[in-house]
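One structure is given here, and the rest of the page talks about it.
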Amino acid sequence: MVTRQGVLYLTLFMLDISLLWYTFTEVVVVSFDGIMLRAVSGEIEDAILGRRIDRVDQPSECEVSVIIRGESRRDIQLFISCAPQIARIHISTTQRQRPQEPSPFCMLMRKYLEGGRVISVEQDGLDRVIRISVSSPLEEEGKFSIIVAELMGNQSNIILLDGVSRVVLGTARRTVPKANRKRQVLPGEQYLPPPAARKDNPLSVSGEEFCRGLLEPGALGAKSVYEYLLARHEGLGPTACREIVFRAGVPAELPVGRLDREEIRRLWDAFSEIVSCVRAKEFVPVAYVNEASGEVEDFSWTKLHMHAAGAGIKEQVFGSFGELLDFVYDELTRRMRLESLRGSLSRLVRDHLDRVRRKVEARRSALADAERGEDYRIMGELILANIHSIPRGAAEITVKNYYDPEQGYITIPLDPKLSPAQSAQQYFARYRKAKNGLRITQQLLAEAESEEAYLDQVSLTIAEADTLETLNEIREELIKTGYLKEKKHLLRQAPRTPRGDEESRRPMEFRSPDGTRILVGRNNLENDYLTLKMAKPDDIWLHARGIPGAHVIVTASDDGQVGEEALLMGARLAARFSKAKGADKVPVDYTRRRFVKKPRAARPGMVVYEKEKTILVSPMNVQDSRPV
Numbered sequence: 017m018v019t020r021q022g023v024l025y026l027t028l029f030m031l032d033i034s035l036l037w038y039t040f041t042e043v044v045v046v047s048f049d050g051i052m053l054r055a056v057s058g059e060i061e062d063a064i065l066g067r068r069i070d071r072v073d074q075p076s077e078c079e080v081s082v083i084i085r086g087e088s089r090r091d092i093q094l095f096i097s098c099a100p101q102i103a104r105i106h107i108s109t110t111q112r113q114r115p116q117e118p119s120p121f122c123m124l125m126r127k128y129l130e131g132g133r134v135i136s137v138e139q140d141g142l143d144r145v146i147r148i149s150v151s152s153p154l155e156e157e158g159k160f161s162i163i164v165a166e167l168m169g170n171q172s173n174i175i176l177l178d179g180v181s182r183v184v185l186g187t188a189r190r191t192v193p194k195a196n197r198k199r200q201v202l203p204g205e206q207y208l209p210p211p212a213a214r215k216d217n218p219l220s221v222s223g224e225e226f227c228r229g230l231l232e233p234g235a236l237g238a239k240s241v242y243e244y245l246l247a248r249h250e251g252l253g254p255t256a257c258r259e260i261v262f263r264a265g266v267p268a269e270l271p272v273g274r275l276d277r278e279e280i281r282r283l284w285d286a287f288s289e290i291v292s293c294v295r296a297k298e299f300v301p302v303a304y305v306n307e308a309s310g311e312v313e314d315f316s317w318t319k320l321h322m323h324a325a326g327a328g329i330k331e332q333v334f335g336s337f338g339e340l341l342d343f344v345y346d347e348l349t350r351r352m353r354l355e356s357l358r359g360s361l362s363r364l365v366r367d368h369l370d371r372v373r374r375k376v377e378a379r380r381s382a383l384a385d386a387e388r389g390e391d392y393r394i395m396g397e398l399i400l401a402n403i404h405s406i407p408r409g410a411a412e413i414t415v416k417n418y419y420d421p422e423q424g425y426i427t428i429p430l431d432p433k434l435s436p437a438q439s440a441q442q443y444f445a446r447y448r449k450a451k452n453g454l455r456i457t458q459q460l461l462a463e464a465e466s467e468e469a470y471l472d473q474v475s476l477t478i479a480e481a482d483t484l485e486t487l488n489e490i491r492e493e494l495i496k497t498g499y500l501k502e503k504k505h506l507l508r509q510a511p512r513t514p515r516g517d518e519e520s521r522r523p524m525e526f527r528s529p530d531g532t533r534i535l536v537g538r539n540n541l542e543n544d545y546l547t548l549k550m551a552k553p554d555d556i557w558l559h560a561r562g563i564p565g566a567h568v569i570v571t572a573s574d575d576g577q578v579g580e581e582a583l584l585m586g587a588r589l590a591a592r593f594s595k596a597k598g599a600d601k602v603p604v605d606y607t608r609r610r611f612v613k614k615p616r617a618a619r620p621g622m623v624v625y626e627k628e629k630t631i632l633v634s635p636m637n638v639q640d641s642r643p644v
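Residues 17 to 644 (the numbering used here) are what the sequence shown spells out, left to right.
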């Protein structure tokens with residue numbers, strides 16, 4: 017909260033639109049099915065078979081990059097991820113960070129793989145398991161290693177095996193007995209492949225078998241045609257199954273038991289059409305992008321009729337599956353890392369907020385006690401005024417309160433062990449203690465409320481951030497202000513944002529209808545720079561009144577003038593990038609920049625201002641509040 021005592025103490029606010037990446041995740045990650053792996057494995061084999069491995073990196077715990085020497089000394093990057101929601105393997109051109117200190121698993125892979133040559137690339141049927149055999153770097157006869165990529169959701173893993181004994185040398189993720197009692201993947205243990213799926217291989221299913229399966233009593237237990245296809249056939253993921261149902265013209269949610277023979281025939285035709293593409297290796301790397309948002313709605317190894325018929329979806333064909341998967345997963349990975357870092361920072365700030373709020377409550381209670389000091393003085397005075405009528409050993413007295421304008425009666429508790437004079441002195445002692453402590457308690461409460469306002473503001477900036485860079489700036493700010501230790505485990509994997517001088521900070525920039533520049537800060541450090549260093553004395557500074565929000569600067573002309581259109585747009589932007597952005601009307605304060613100052617030793621983004629005016633505006637909508 018922003019408090020006001022003659023002036024307002026403000027913290028700043030990051031203003032970017034938050035991303036709803038969960039929907040994106042649910043749509044695209046399921047598209048990497050067994051047939052997608054079949055298409056990708058062929059591309060991998062063509063690119064790396066017989067070539068030498070130059071280097072192995074591990075960008076993160078669940079990622080491995082194998083750098084292979086290609087033609088004309090050009091590197092080929094084989095990228096493998098076993099992150100549960102984005103597990104995949106493909107040839108990639110995305111540049112990834114190399115950790116300064118390689119992990120033990122990375123060192124192990126370097127020992128057994130660097131210098132070796134790729135012997136084979138194999139997939140287990142249409143399952144999402146691929147094995148890449150690599151000769152011994154020392155060219156020992158009969159010696160080789162195997163990289164196993166198991167790309168199966170939460171059970172995904174990257175495993176290094178001894179090629180001869182099939183003993184596990186190391187894994188990216190370790191399974192423990194409690195997690196998987198039937199199958200343990202631990203160094204030194206014999207490797208056991210994942211249990212074979214009890215599904216039909218679509219490449220060998222005949223028309224008679226397909227139709228008979230739909231008529232079997234067991235099939236009637238399936239909730240829908242789509243669910244039956246997904247549960248029955250190996251390698252067919254949700255996207256492929258939805259496409260088969262669409263091509264057959266059968267409702268996806270239609271119960272299997274309600275299919276007629278004509279619908280079953282159409283399902284077989286659509287199924288065999290899809291499968292024939294796999295047999296003929298007629299793979300097409302294609303993505304379907306929402307034209308309005310630019311987000312990937314789906315991707316596949318074959319063109320999808322169900323999206324071609326959809327309005328507002330653009331089909332985008334790529335030159336290779338590596339290009340397709342870079343396109344799809346790079347953005348998805350960025351969003352997942354964004355949400356992971358956002359969650360870590362949010363939890364950290366929330367814990368501090370809970371602590372500070374308890375402190376505020378305690379200090380408000382202490383202040384209430386301190387403010388009773390005058391009551392203690394009055395009680396002491398009344399005891400002395402009536403001392404001759406108070407019997408010794410009395411537990412209380414009721415006397416007229418001469419300090420009450422209405423001359424009412426007051427009951428004063430007494431200590432029976434004390435004389436009336438001693439009781440009066442006891443109240444005077446409480447009065448002096450309360451009086452001396454009042455100023456200190458008020459100061460401590462103000463500090464606690466200021467800290468609460470700051471953390472509340474930071475919490476809002478974290479929720480609104482949409483890039484790793486902006487979240488890392490908040491992380492740096494929390495380190496600077498002492499709320500976060502730099503090497504804290506929960507943020508250890510967060511990439512550090514390269515930092516230059518303050519002039520490299522670039523607030524969001526907008527243009528009013530009359531061409532005036534309007535600048536909006538995105539985080540506490542940036543707002544400090546925007547308000548205190550970038551803005552000129554005659555520029556207009558704006559902020560939503562009394563609530564967390566962004567600092568906004570409307571630049572003035574050379575003669576110090578600001579047009580009404582620019583001022584109104586600046587106010588609407590200040591309302592938009594505030595905690596009240598969902599309200600119909602928001603009061604926004606504005607004043608000349610010269611009247612905004614930063615208190616000594618204030619936290620980042622905290623300022624005071626005066627000579628302000630207030631304007632009531634509706635927040636600018638999201639589409640209109642995008643920077644130039």
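Ideal Cβ placement from N, Cα and C applies to all residues, glycine included.
Note that the coordinates shown come from a computational prediction; the quantities given were computed from them, not determined experimentally.
In terms of alpha-carbon separation, which member of the options lies closest to residue i?
i	options	result
Asp574	Trp317, Thr532 and Thr187	Thr532
Ala286	Glu155, Glu259 and Glu307	Glu259
Ile478	Arg366, Tyr447 and Pro529	Arg366
Leu154	Pro436, Tyr545, Met352 and Tyr128	Tyr128
Gln101	Ile162, Gln438, Glu626 and Arg353	Arg353
Glu79	Arg610, Glu387, Ala188 and Glu493	Ala188
Asn217	Val201, Leu246 and Leu202	Leu246
Arg561	Pro603, Val570, Met524 and Ala572	Pro603
Met597	Met636, Gly359, Glu628 and Val72	Reading off the sequence, residue 597 comes out as Lys, not Met. The candidate whose alpha carbon is nearest that of Lys597 is Met636.
Ala327	Arg214, Val333, Glu307 and Thr318	Glu307
Leu211	Gly234, Leu589, Gln171 and Pro233	The question names Leu, yet the displayed sequence has Pro at residue 211. When only C-alpha atoms are compared, the closest one is Gln171.
Leu494	Ser405, Arg363 and Arg527	Arg363
Lys627	Tyr606, Gly621 and Ala617	Tyr606
Pro209	Pro267, Leu176 and Val221	Leu176
Gly579	Leu589, Gly498 and Asp530	Asp530
Ile329	Asp314, Thr318 and Cys122	Asp314
Given a cut-off of 9 Å on the beta-carbon distance, is the pair residue i and residue j in contact?
i	j	result
Ser316	Val305	no
Leu275	Leu230	yes
Ile490	Leu361	yes
Gln139	Leu53	yes
Phe48	Ala103	yes
Glu269	Lys239	yes
Ile105	Ile92	no
Asp554	Arg592	no
Arg85	Ile96	no
Ile569	Leu583	no
Ile107	Ala55	no
Val300	Val344	no
Glu387	Tyr419	no
Arg295	Leu219	yes
Leu541	Ala551	no
Glu250	Gly58	no
Val261	Val241	yes
Counting C-beta neighbours from all protein chains within 10 Å, is the total for residue i 16 or more, i.e. buried, or is it exposed?
i	result
Arg538	buried
Arg147	buried
Leu473	Checking the sequence, you will find Gln at residue 473 rather than Leu. Buried, since its Cβ has 16 or more Cβ neighbours within 10 Å.
Ser475	buried
Gly265	exposed
Leu357	buried
Val180	exposed
Pro523	buried
Glu166	buried
Ser309	exposed
Glu518	Summary for Glu518: the model assigns pLDDT 49, below 50, so the residue's position carries little reliability; its value from the coordinates is reported in the next sentence. Its Cβ having fewer than 16 others within 10 Å, Glu518 is exposed.
Leu320	buried
Pro233	exposed
Gln74	buried
Asn543	buried
Asn173	buried
Lys595	buried
Between the stretch 331-344 and the stretch 459-470, do at least 3 Cβ pairs fall closer than 8 Å?
For the pair of segments examined, the stretch 331-344 was found not to touch the stretch 459-470: the number of CB pairs separated by less than 8 Å stays below three.
Within the stretch 183-233, ranges of the beta strand (DSSP E) (whole runs, at least 3 residues):
184-187
Which full runs of the beta strand (DSSP E) of 3+ residues lie inside the stretch 300-359, going along the chain?
302-306, 312-316 and 329-333
At least 3 beta-carbon pairs within less than 8 Å: the stretch 421-441 vs the stretch 484-498
No, the stretch 421-441 does not touch the stretch 484-498.
Per the contact definition of three or more C-beta pairs closer than 8 Å, is the stretch 452-459 in contact with the stretch 373-383?
yes
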